[in-house]
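Colleague:
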Amino acid sequence: MAPNPRLTHLPPLWWGILCSLPVMGGLAGRFVRGTPGFEDFDAVTCAGLTLLKGGNPYDLTPACAGLKSATFVYAPPVVEGVAFVIGHLGADGYRLLFGGLWLLALCGLSAYAVKFALPEVDIRLKLPLLALFTGGCIACGNIAILLHGLVLLGALSLPQRVWPFVLTVTVVSLIKPVLLTYLIVLAFMDRPLRWRLGWTAAGVVAGLSLSLWVLHSPSPLTPLWKDTLSQVVLSDQTGISYFGWLHSWGMDSTAPAALSLLPVVMGTLALSGLAIAELGQLRPRERLVLGLGLAQLLNPRLMDYDLLLVVPFGALLAHLVARQGGRWASISMWGLIGPSGSILVLNEVEQRAILPVPLTLHLITLTTVALAGTLAFRQRAQVVAAVARLLPQRGRRLPPLPAAE
(Lines of atoms letter the chains of each structure in order from A; the text may use other names.)
(Lines give C-alpha, C1' and ligand atoms only; values in the text may rest on other atoms or scores of the structure.)
Protein backbone atom coordinates (compact mmCIF):
# COMPACT_ATOMS: atom_id res chain seq x y z
CA MET A 13 0.00 0.00 0.00
CA ALA A 14 1.38 3.38 -0.97
CA PRO A 15 0.70 6.22 1.46
CA ASN A 16 -1.43 9.18 0.44
CA PRO A 17 0.96 11.53 -1.41
CA ARG A 18 -0.68 14.57 0.18
CA LEU A 19 0.44 13.32 3.59
CA THR A 20 4.00 12.48 2.62
CA HIS A 21 5.51 15.33 0.63
CA LEU A 22 8.77 14.74 2.47
CA PRO A 23 11.17 12.07 1.17
CA PRO A 24 11.68 9.00 3.41
CA LEU A 25 14.86 10.41 5.00
CA TRP A 26 13.23 13.60 6.25
CA TRP A 27 10.06 11.71 7.07
CA GLY A 28 12.16 9.37 9.23
CA ILE A 29 13.85 12.27 11.02
CA LEU A 30 10.45 13.80 11.77
CA CYS A 31 9.00 10.57 13.12
CA SER A 32 12.07 9.81 15.25
CA LEU A 33 11.81 13.13 17.11
CA PRO A 34 10.17 11.48 20.16
CA VAL A 35 13.22 9.23 20.54
CA MET A 36 15.75 11.97 19.89
CA GLY A 37 13.84 14.50 21.97
CA GLY A 38 13.59 12.10 24.88
CA LEU A 39 17.30 11.32 24.82
CA ALA A 40 18.23 14.99 24.50
CA GLY A 41 15.89 15.92 27.34
CA ARG A 42 17.42 13.35 29.65
CA PHE A 43 20.90 14.62 28.77
CA VAL A 44 19.98 18.26 29.42
CA ARG A 45 18.29 17.46 32.73
CA GLY A 46 21.12 15.18 33.78
CA THR A 47 18.77 12.23 34.30
CA PRO A 48 20.71 9.02 35.06
CA GLY A 49 20.65 6.48 32.26
CA PHE A 50 20.99 2.72 31.88
CA GLU A 51 19.58 2.14 35.36
CA ASP A 52 18.16 -1.26 34.36
CA PHE A 53 21.51 -2.27 32.89
CA ASP A 54 23.24 -1.14 36.08
CA ALA A 55 20.69 -3.11 38.13
CA VAL A 56 21.86 -6.39 36.59
CA THR A 57 25.51 -5.46 37.06
CA CYS A 58 24.96 -4.37 40.66
CA ALA A 59 23.07 -7.56 41.49
CA GLY A 60 25.94 -9.69 40.21
CA LEU A 61 28.51 -7.70 42.16
CA THR A 62 26.38 -7.84 45.32
CA LEU A 63 26.02 -11.62 45.08
CA LEU A 64 29.78 -12.02 44.65
CA LYS A 65 30.24 -10.06 47.88
CA GLY A 66 27.73 -12.26 49.71
CA GLY A 67 24.99 -9.64 49.86
CA ASN A 68 21.31 -9.65 48.91
CA PRO A 69 20.95 -8.94 45.17
CA TYR A 70 17.21 -8.34 45.65
CA ASP A 71 17.58 -5.40 48.01
CA LEU A 72 14.91 -2.80 47.22
CA THR A 73 17.51 -0.05 47.60
CA PRO A 74 20.59 -1.39 45.80
CA ALA A 75 23.84 0.46 46.31
CA CYS A 76 26.91 -0.11 44.15
CA ALA A 77 29.70 2.41 43.74
CA GLY A 78 29.45 4.28 40.44
CA LEU A 79 26.14 2.67 39.43
CA LYS A 80 22.66 4.21 39.34
CA SER A 81 20.76 0.95 39.49
CA ALA A 82 17.09 0.07 39.72
CA THR A 83 15.82 -2.86 41.77
CA PHE A 84 16.83 -6.26 40.40
CA VAL A 85 13.79 -8.48 39.75
CA TYR A 86 15.01 -11.44 37.68
CA ALA A 87 15.17 -15.07 38.79
CA PRO A 88 18.08 -16.47 40.86
CA PRO A 89 19.67 -18.36 37.91
CA VAL A 90 20.01 -15.02 36.11
CA VAL A 91 21.90 -13.26 38.89
CA GLU A 92 24.01 -16.37 39.46
CA GLY A 93 24.92 -16.41 35.77
CA VAL A 94 25.77 -12.70 35.83
CA ALA A 95 27.92 -13.19 38.92
CA PHE A 96 29.74 -16.04 37.16
CA VAL A 97 30.52 -13.85 34.13
CA ILE A 98 31.63 -10.91 36.28
CA GLY A 99 33.82 -13.24 38.32
CA HIS A 100 35.70 -14.22 35.15
CA LEU A 101 35.59 -11.02 33.05
CA GLY A 102 35.29 -8.38 35.73
CA ALA A 103 32.56 -5.74 35.91
CA ASP A 104 33.99 -3.74 33.00
CA GLY A 105 34.33 -6.84 30.84
CA TYR A 106 30.75 -7.83 31.57
CA ARG A 107 29.46 -4.34 30.80
CA LEU A 108 31.36 -4.32 27.51
CA LEU A 109 30.03 -7.75 26.53
CA PHE A 110 26.44 -7.05 27.52
CA GLY A 111 26.49 -3.54 26.06
CA GLY A 112 27.78 -4.78 22.71
CA LEU A 113 25.15 -7.52 22.45
CA TRP A 114 22.42 -5.11 23.58
CA LEU A 115 23.39 -2.52 20.96
CA LEU A 116 23.53 -5.20 18.27
CA ALA A 117 20.04 -6.38 19.23
CA LEU A 118 18.70 -2.81 19.17
CA CYS A 119 20.08 -2.21 15.67
CA GLY A 120 18.79 -5.57 14.42
CA LEU A 121 15.29 -5.01 15.80
CA SER A 122 15.15 -1.49 14.36
CA ALA A 123 16.30 -2.62 10.92
CA TYR A 124 13.79 -5.47 10.88
CA ALA A 125 10.93 -3.29 12.10
CA VAL A 126 11.45 -0.45 9.64
CA LYS A 127 12.93 -2.10 6.54
CA PHE A 128 12.99 -5.89 6.34
CA ALA A 129 9.73 -6.98 8.01
CA LEU A 130 7.41 -5.80 5.22
CA PRO A 131 9.55 -4.68 2.28
CA GLU A 132 6.50 -4.32 0.03
CA VAL A 133 4.91 -1.74 2.36
CA ASP A 134 6.07 1.86 1.96
CA ILE A 135 8.56 2.71 4.71
CA ARG A 136 6.65 5.93 5.45
CA LEU A 137 3.82 3.79 6.82
CA LYS A 138 6.14 2.22 9.38
CA LEU A 139 8.09 5.26 10.50
CA PRO A 140 5.27 7.03 12.42
CA LEU A 141 4.97 4.07 14.76
CA LEU A 142 8.57 4.57 15.85
CA ALA A 143 7.10 7.27 18.06
CA LEU A 144 5.97 4.49 20.40
CA PHE A 145 9.63 3.84 21.15
CA THR A 146 10.61 6.93 23.14
CA GLY A 147 13.98 8.05 24.45
CA GLY A 148 13.42 6.46 27.84
CA CYS A 149 13.13 3.02 26.21
CA ILE A 150 16.73 3.27 25.05
CA ALA A 151 18.11 5.20 28.00
CA CYS A 152 17.06 2.59 30.58
CA GLY A 153 19.15 -0.13 28.91
CA ASN A 154 16.72 -2.90 29.80
CA ILE A 155 17.69 -6.49 29.01
CA ALA A 156 14.36 -6.93 27.19
CA ILE A 157 15.92 -5.41 24.05
CA LEU A 158 18.47 -8.22 23.96
CA LEU A 159 15.81 -10.87 24.62
CA HIS A 160 13.55 -9.59 21.82
CA GLY A 161 16.53 -9.60 19.50
CA LEU A 162 17.30 -13.23 20.33
CA VAL A 163 13.67 -14.25 19.75
CA LEU A 164 13.64 -12.46 16.40
CA LEU A 165 16.83 -14.27 15.40
CA GLY A 166 15.21 -17.61 16.22
CA ALA A 167 11.97 -16.63 14.45
CA LEU A 168 13.74 -15.92 11.16
CA SER A 169 14.30 -19.68 10.77
CA LEU A 170 10.53 -20.34 10.75
CA PRO A 171 8.75 -22.31 9.45
CA GLN A 172 11.53 -24.48 7.99
CA ARG A 173 13.24 -24.98 11.37
CA VAL A 174 11.13 -24.69 14.50
CA TRP A 175 13.43 -25.86 17.29
CA PRO A 176 15.70 -22.74 17.31
CA PHE A 177 12.65 -20.56 17.90
CA VAL A 178 11.10 -22.79 20.58
CA LEU A 179 14.46 -23.15 22.35
CA THR A 180 15.06 -19.40 22.30
CA VAL A 181 11.61 -18.56 23.67
CA THR A 182 12.02 -21.17 26.41
CA VAL A 183 15.39 -19.75 27.48
CA VAL A 184 14.34 -16.08 27.46
CA SER A 185 11.22 -16.98 29.45
CA LEU A 186 13.58 -17.91 32.27
CA ILE A 187 14.38 -14.19 32.53
CA LYS A 188 10.96 -12.82 31.56
CA PRO A 189 8.20 -15.47 31.74
CA VAL A 190 5.72 -13.19 29.94
CA LEU A 191 7.75 -13.68 26.75
CA LEU A 192 6.15 -17.11 26.41
CA THR A 193 3.46 -15.22 24.49
CA TYR A 194 5.87 -15.40 21.54
CA LEU A 195 4.71 -18.99 21.04
CA ILE A 196 1.57 -17.58 19.40
CA VAL A 197 3.77 -17.11 16.33
CA LEU A 198 3.58 -20.86 15.73
CA ALA A 199 -0.22 -20.79 15.73
CA PHE A 200 -0.23 -18.38 12.79
CA MET A 201 2.17 -20.28 10.55
CA ASP A 202 0.82 -21.56 7.23
CA ARG A 203 0.98 -25.16 8.35
CA PRO A 204 -1.57 -27.92 9.14
CA LEU A 205 -3.56 -27.53 12.33
CA ARG A 206 -1.91 -30.54 13.97
CA TRP A 207 1.55 -29.07 13.30
CA ARG A 208 0.57 -25.75 14.89
CA LEU A 209 -1.03 -27.31 17.96
CA GLY A 210 1.82 -29.76 18.47
CA TRP A 211 4.66 -27.27 18.34
CA THR A 212 2.78 -24.62 20.34
CA ALA A 213 1.94 -27.16 23.05
CA ALA A 214 5.55 -28.38 23.15
CA GLY A 215 6.80 -24.82 23.62
CA VAL A 216 4.25 -24.07 26.35
CA VAL A 217 5.11 -27.25 28.25
CA ALA A 218 8.85 -26.55 28.02
CA GLY A 219 8.51 -22.91 29.05
CA LEU A 220 6.11 -23.53 31.94
CA SER A 221 8.19 -26.46 33.20
CA LEU A 222 11.29 -24.28 33.34
CA SER A 223 9.37 -21.45 35.04
CA LEU A 224 7.90 -23.80 37.66
CA TRP A 225 11.32 -25.29 38.32
CA VAL A 226 12.74 -21.83 38.96
CA LEU A 227 9.73 -20.81 41.05
CA HIS A 228 10.14 -23.80 43.37
CA SER A 229 13.93 -23.90 43.34
CA PRO A 230 15.49 -24.66 46.76
CA SER A 231 17.96 -21.81 46.29
CA PRO A 232 18.16 -19.47 49.33
CA LEU A 233 17.65 -16.60 46.89
CA THR A 234 14.20 -17.84 45.82
CA PRO A 235 12.14 -16.38 48.72
CA LEU A 236 13.98 -13.05 48.40
CA TRP A 237 13.22 -13.00 44.69
CA LYS A 238 9.52 -13.78 45.23
CA ASP A 239 9.14 -10.93 47.72
CA THR A 240 10.74 -8.44 45.35
CA LEU A 241 8.76 -9.78 42.40
CA SER A 242 5.47 -9.32 44.23
CA GLN A 243 6.25 -5.82 45.45
CA VAL A 244 7.89 -4.33 42.36
CA VAL A 245 6.56 -6.16 39.31
CA LEU A 246 2.93 -6.76 40.27
CA SER A 247 2.40 -3.62 42.35
CA ASP A 248 4.74 -0.78 41.33
CA GLN A 249 5.54 -1.54 37.66
CA THR A 250 2.39 -2.95 36.10
CA GLY A 251 3.23 -1.93 32.53
CA ILE A 252 1.03 -0.45 29.80
CA SER A 253 -1.10 -3.45 28.79
CA TYR A 254 -3.55 -5.61 30.77
CA PHE A 255 -2.07 -5.18 34.25
CA GLY A 256 -1.52 -1.50 33.50
CA TRP A 257 -5.15 -1.05 32.43
CA LEU A 258 -6.35 -2.59 35.69
CA HIS A 259 -3.98 -0.44 37.72
CA SER A 260 -5.21 2.73 35.98
CA TRP A 261 -8.79 1.74 36.86
CA GLY A 262 -7.84 1.29 40.50
CA MET A 263 -8.04 -2.52 40.41
CA ASP A 264 -5.59 -4.99 41.92
CA SER A 265 -3.92 -6.92 39.11
CA THR A 266 -3.42 -9.93 41.41
CA ALA A 267 -7.09 -10.17 42.40
CA PRO A 268 -8.88 -13.42 41.41
CA ALA A 269 -11.37 -11.54 39.22
CA ALA A 270 -8.58 -9.80 37.31
CA LEU A 271 -6.62 -13.00 36.79
CA SER A 272 -9.72 -14.94 35.71
CA LEU A 273 -10.50 -12.32 33.06
CA LEU A 274 -6.98 -12.47 31.61
CA PRO A 275 -7.53 -15.75 29.65
CA VAL A 276 -10.65 -14.22 28.10
CA VAL A 277 -8.74 -11.17 26.90
CA MET A 278 -5.81 -13.24 25.64
CA GLY A 279 -8.13 -15.73 23.95
CA THR A 280 -10.00 -12.96 22.16
CA LEU A 281 -6.77 -11.46 20.86
CA ALA A 282 -5.39 -14.85 19.82
CA LEU A 283 -8.57 -15.72 17.89
CA SER A 284 -8.51 -12.27 16.30
CA GLY A 285 -4.97 -12.87 15.11
CA LEU A 286 -5.92 -16.28 13.75
CA ALA A 287 -8.85 -14.76 11.86
CA ILE A 288 -6.59 -12.10 10.36
CA ALA A 289 -3.99 -14.68 9.33
CA GLU A 290 -6.49 -17.02 7.67
CA LEU A 291 -9.20 -14.70 6.34
CA GLY A 292 -6.72 -12.00 5.38
CA GLN A 293 -4.84 -14.57 3.29
CA LEU A 294 -1.50 -13.44 4.68
CA ARG A 295 1.76 -14.54 3.16
CA PRO A 296 4.47 -16.23 5.30
CA ARG A 297 6.37 -12.99 5.95
CA GLU A 298 3.16 -11.22 6.98
CA ARG A 299 2.18 -14.10 9.27
CA LEU A 300 5.50 -13.76 11.07
CA VAL A 301 4.99 -10.02 11.53
CA LEU A 302 1.46 -10.70 12.80
CA GLY A 303 2.66 -13.26 15.33
CA LEU A 304 5.60 -11.22 16.62
CA GLY A 305 3.41 -8.14 17.02
CA LEU A 306 0.44 -9.88 18.58
CA ALA A 307 2.78 -11.52 21.08
CA GLN A 308 3.36 -8.04 22.50
CA LEU A 309 -0.38 -7.36 22.84
CA LEU A 310 -0.81 -10.71 24.61
CA ASN A 311 1.88 -9.77 27.13
CA PRO A 312 -0.10 -8.75 30.26
CA ARG A 313 2.81 -6.68 31.55
CA LEU A 314 4.03 -4.99 28.40
CA MET A 315 6.58 -2.21 28.96
CA ASP A 316 7.49 0.66 26.68
CA TYR A 317 10.85 -0.93 25.82
CA ASP A 318 8.98 -3.97 24.39
CA LEU A 319 7.36 -2.06 21.53
CA LEU A 320 9.82 -2.22 18.63
CA LEU A 321 8.13 -5.25 17.06
CA VAL A 322 4.77 -3.46 17.30
CA VAL A 323 6.02 -1.09 14.57
CA PRO A 324 5.69 -3.52 11.61
CA PHE A 325 2.58 -5.02 13.21
CA GLY A 326 0.86 -1.63 13.24
CA ALA A 327 1.90 -1.01 9.64
CA LEU A 328 0.48 -4.42 8.68
CA LEU A 329 -2.83 -3.54 10.34
CA ALA A 330 -2.96 -0.26 8.42
CA HIS A 331 -2.14 -2.14 5.23
CA LEU A 332 -4.95 -4.65 5.83
CA VAL A 333 -7.45 -2.00 6.90
CA ALA A 334 -6.77 -0.06 3.70
CA ARG A 335 -7.58 -3.20 1.69
CA GLN A 336 -11.16 -2.91 2.91
CA GLY A 337 -11.58 0.02 0.52
CA GLY A 338 -13.46 3.28 0.85
CA ARG A 339 -12.05 5.94 3.15
CA TRP A 340 -10.22 3.40 5.30
CA ALA A 341 -6.89 4.06 3.55
CA SER A 342 -6.81 7.72 4.63
CA ILE A 343 -8.11 6.85 8.09
CA SER A 344 -5.39 4.26 8.63
CA MET A 345 -2.69 6.67 7.45
CA TRP A 346 -3.86 9.41 9.79
CA GLY A 347 -4.07 6.79 12.53
CA LEU A 348 -0.35 6.18 12.09
CA ILE A 349 0.61 9.84 11.90
CA GLY A 350 -1.43 10.77 14.97
CA PRO A 351 0.66 8.85 17.53
CA SER A 352 3.92 10.40 16.31
CA GLY A 353 2.71 13.95 16.73
CA SER A 354 0.81 13.38 19.97
CA ILE A 355 3.64 11.49 21.65
CA LEU A 356 6.16 14.16 20.69
CA VAL A 357 4.03 17.07 21.94
CA LEU A 358 2.64 15.45 25.10
CA ASN A 359 5.98 13.98 26.17
CA GLU A 360 7.81 17.26 25.67
CA VAL A 361 5.40 19.19 27.92
CA GLU A 362 5.87 16.43 30.52
CA GLN A 363 2.20 16.18 31.45
CA ARG A 364 0.77 13.07 33.05
CA ALA A 365 -2.97 13.49 32.37
CA ILE A 366 -2.80 11.92 28.91
CA LEU A 367 -0.41 9.04 28.26
CA PRO A 368 -0.20 8.74 24.46
CA VAL A 369 1.81 5.50 24.29
CA PRO A 370 -0.67 3.38 26.32
CA LEU A 371 -3.60 4.99 24.49
CA THR A 372 -2.02 4.19 21.12
CA LEU A 373 -1.48 0.61 22.25
CA HIS A 374 -5.17 0.40 23.22
CA LEU A 375 -6.08 1.71 19.78
CA ILE A 376 -3.94 -0.93 18.07
CA THR A 377 -5.55 -3.63 20.23
CA LEU A 378 -9.07 -2.48 19.36
CA THR A 379 -8.13 -2.22 15.68
CA THR A 380 -6.91 -5.83 15.76
CA VAL A 381 -10.22 -7.10 17.13
CA ALA A 382 -12.28 -4.85 14.84
CA LEU A 383 -10.37 -5.93 11.73
CA ALA A 384 -10.79 -9.60 12.64
CA GLY A 385 -14.51 -9.05 13.17
CA THR A 386 -14.84 -7.27 9.83
CA LEU A 387 -13.06 -10.05 7.96
CA ALA A 388 -15.13 -12.71 9.73
CA PHE A 389 -18.41 -10.93 8.92
CA ARG A 390 -17.56 -10.45 5.27
CA GLN A 391 -16.53 -14.10 4.95
CA ARG A 392 -19.07 -15.53 7.39
CA ALA A 393 -20.06 -18.39 5.10
CA GLN A 394 -16.43 -19.53 4.95
CA VAL A 395 -16.10 -19.18 8.73
CA VAL A 396 -19.24 -21.24 9.40
CA ALA A 397 -18.04 -23.96 7.03
CA ALA A 398 -14.60 -24.07 8.67
CA VAL A 399 -16.10 -24.32 12.16
CA ALA A 400 -18.48 -27.04 11.02
CA ARG A 401 -15.56 -29.10 9.75
CA LEU A 402 -13.86 -28.88 13.14
CA LEU A 403 -16.93 -29.85 15.17
CA PRO A 404 -17.76 -33.53 15.69
CA GLN A 405 -20.45 -34.67 13.28
CA ARG A 406 -23.52 -35.72 15.20
CA GLY A 407 -26.27 -37.88 13.87
CA ARG A 408 -23.99 -39.74 11.48
CA ARG A 409 -25.52 -43.12 10.72
CA LEU A 410 -23.47 -46.16 11.65
CA PRO A 411 -22.56 -48.58 8.87
CA PRO A 412 -24.90 -51.59 8.67
CA LEU A 413 -23.91 -54.77 10.44
CA PRO A 414 -22.85 -57.68 8.26
CA ALA A 415 -25.69 -60.08 7.46
CA ALA A 416 -25.85 -63.25 9.55
CA GLU A 417 -24.95 -66.40 7.72
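For any residue, its number in my numbering is found by taking its place in the sequence shown, counting from 1, and adding 12. Even glycine gets a Cβ: it sits at the ideal position worked out from N, Cα and C.
State whether the stretch 247-256 contacts the stretch 370-388, with contact taken as three or more CB pairs (one from each stretch) at a distance under 8 angstroms.
Modeller: Result yes; three or more Cβ-Cβ pairs closer than 8 angstroms.
Colleague: Please give the ranges of any alpha helix (DSSP H) in the stretch 293-343, keeping only runs that are unbroken, at least 4 residues long and fully inside the region.
Modeller: With a minimum length of 4 residues, the continuous alpha helix (DSSP H) runs that stay inside the stretch 293-343 are 296-310 and 322-334.
Colleague: Do the CB positions of Leu162 and Thr182 come within less than 8 angstroms of each other?
Modeller: Start at 1 with the first residue of the sequence shown, and residue 162 comes out as number 150. Start at 1 with the first residue of the sequence shown, and residue 182 comes out as number 170. Contact flag unset, no.
Colleague: Any idea if Ala95 is buried or exposed, counting beta-carbon neighbours within 10 angstroms, 16 or more meaning buried?
Modeller: Taking the first residue of the sequence shown as position 1, residue 95 is located at position 83. The residue in question, Ala95, is buried, as its Cβ has 16 or more Cβ neighbours within 10 Å.
Colleague: Quick test of your reading: Gly137 and Ala327, contact by CB under 8 angstroms. State the CB separation rounded to the nearest angstrom.
Modeller: Residue mapping note: residue 137 aligns to position 125 of the sequence shown, counting from 1. Residue mapping note: residue 327 aligns to position 315 of the sequence shown, counting from 1. As written in the sequence, residue 137 is Leu, which differs from the Gly given in the question. That pair is a contact at about 5 angstroms.
Colleague: Between which two residues does the alpha helix (DSSP H) containing Glu162 stretch?
Modeller: As a first step, residue 162 is located in the sequence shown; it is residue number 150 there, counting from the start. Looking at the sequence shown, residue 162 is not Glu but Leu. Run containing Leu162: Ala156 to Ala167, per the alpha helix (DSSP H) assignment.
Colleague: Using three-state DSSP, classify Leu72 as helix, strand or coil.
Modeller: Walking along the sequence shown from the start, residue 72 turns up at place 60. Here Leu72 sits in coil by DSSP.
Colleague: Between the C-alpha atoms of Pro74 and Trp114, what's the straight-line distance to the nearest angstrom?
Modeller: Reading the sequence shown from its first residue, position 62 is the one you call residue 74. Reading the sequence shown from its first residue, position 102 is the one you call residue 114. Those two C-alpha atoms are separated by around 23 angstroms.
Colleague: Assess contact between the stretch 137-157 and the stretch 310-320, defined as three or more Cβ pairs (one per stretch) separated by less than 8 angstroms. Is contact present?
Modeller: Result yes; three or more Cβ-Cβ pairs closer than 8 angstroms.
Colleague: Does the Cβ of Ile135 lie closer than 7 angstroms to at least one heavy atom of the ligand MG?
Modeller: Looking for the ligand MG in the displayed structure turns up nothing, as the structure carries no ligands at all.
Colleague: Can you tell me whether Lys65 is buried or exposed, with buried defined as 16 or more other CB within 10 angstroms of its CB?
Modeller: Counted from its first residue, the sequence shown places residue 65 at position 53. By the 10 Å Cβ count, Lys65 comes out exposed.
Colleague: Which residue wins for smallest C-alpha separation from Glu298, given the options Ala400, Val197 and Gly38?
Modeller: The sequence position of residue 298 within the sequence shown is 286, counting from 1. Comparing Cα-Cα distances from Glu298 to each of Ala400, Val197 and Gly38, the minimum goes to Val197.
Colleague: Can you tell me whether DSSP reads Leu79 as helix, strand or coil?
Modeller: Taking the first residue of the sequence shown as 1, we reach residue 79 at position 67. Of the three classes helix, strand and coil, the one that applies to Leu79 here is strand, per DSSP.
Colleague: Please specify which runs of the alpha helix (DSSP H), each continuous and at least 4 residues long, are wholly inside the stretch 120-204, giving them in chain order.
Modeller: Runs of the alpha helix (DSSP H) inside the stretch 120-204: 135-138, 147-151, 156-167, 175-187 and 196-199.
Colleague: Out of curiosity, what's the CA-to-CA distance linking Pro434 and Phe84?
Modeller: A question about residue 434 goes unanswered here, because the residues of the chain that appear run from 13 up to 417.
Colleague: Using only CA atoms, which one of Pro312, Met278, Gly279 and Ala330 lies nearest to Val301?
Modeller: The residue given as residue 301 occupies position 289 in the sequence shown. Nearest option by C-alpha distance: Ala330.
Colleague: Quick one: Cα of Leu101 to Cα of Val91, how far?
Modeller: As a working note, residue 101 is residue 89 in the sequence shown. As a working note, residue 91 is residue 79 in the sequence shown. Taking the straight line from one Cα to the other gives about 15 angstroms.
Colleague: For chain C, find out if any of its Cβ atoms is closer than 8 angstroms to the Cβ of Trp211; answer yes or no.
Modeller: In the structure shown, chain C does not exist; there is a single protein chain.
Colleague: Rounded to the nearest angstrom, what separates Ser81 and Ala218 at their Cα positions?
Modeller: Counting from one through the sequence shown, the residue named residue 81 turns up at place 69. Counting from one through the sequence shown, the residue named residue 218 turns up at place 206. Going by the C-alpha atoms only, they are around 32 angstroms apart.
Colleague: Give me the Cα-Cα distance between Leu170 and Val323, rounded to the nearest whole angstrom.
Modeller: Indexing the sequence shown from 1 puts residue 170 at position 158. Indexing the sequence shown from 1 puts residue 323 at position 311. Taking the straight line from one Cα to the other gives about 20 angstroms.
Colleague: In chain order, what residues of the same chain have a beta carbon less than 6 angstroms from the beta carbon of Phe50, not counting five sequence neighbours either side?
Modeller: On the sequence shown, position 38 is the one that residue 50 refers to. For Phe50, where only same-chain residues beyond five positions count, the Cβ hits under 6 angstroms are Gly153.
Colleague: In three-state DSSP terms, what is Trp225?
Modeller: Within the sequence shown, numbered from 1, the residue matching residue 225 stands at position 213. Residue state, collapsed to three classes: helix.
Colleague: Indicate whether Arg208 and Ala199 have their beta-carbon atoms separated by less than 8 angstroms.
Modeller: The residue labelled residue 208 in the question sits at position 196 within the sequence shown. The residue labelled residue 199 in the question sits at position 187 within the sequence shown. Contact flag set, yes.
Colleague: Hey, Val216 and Leu192 are a contact pair by Cβ (cut 8 angstroms); roughly how many whole angstroms apart?
Modeller: As a first step, residue 216 is located in the sequence shown; it is residue number 204 there, counting from the start. As a first step, residue 192 is located in the sequence shown; it is residue number 180 there, counting from the start. 7 angstroms between Cβ atoms; contact.
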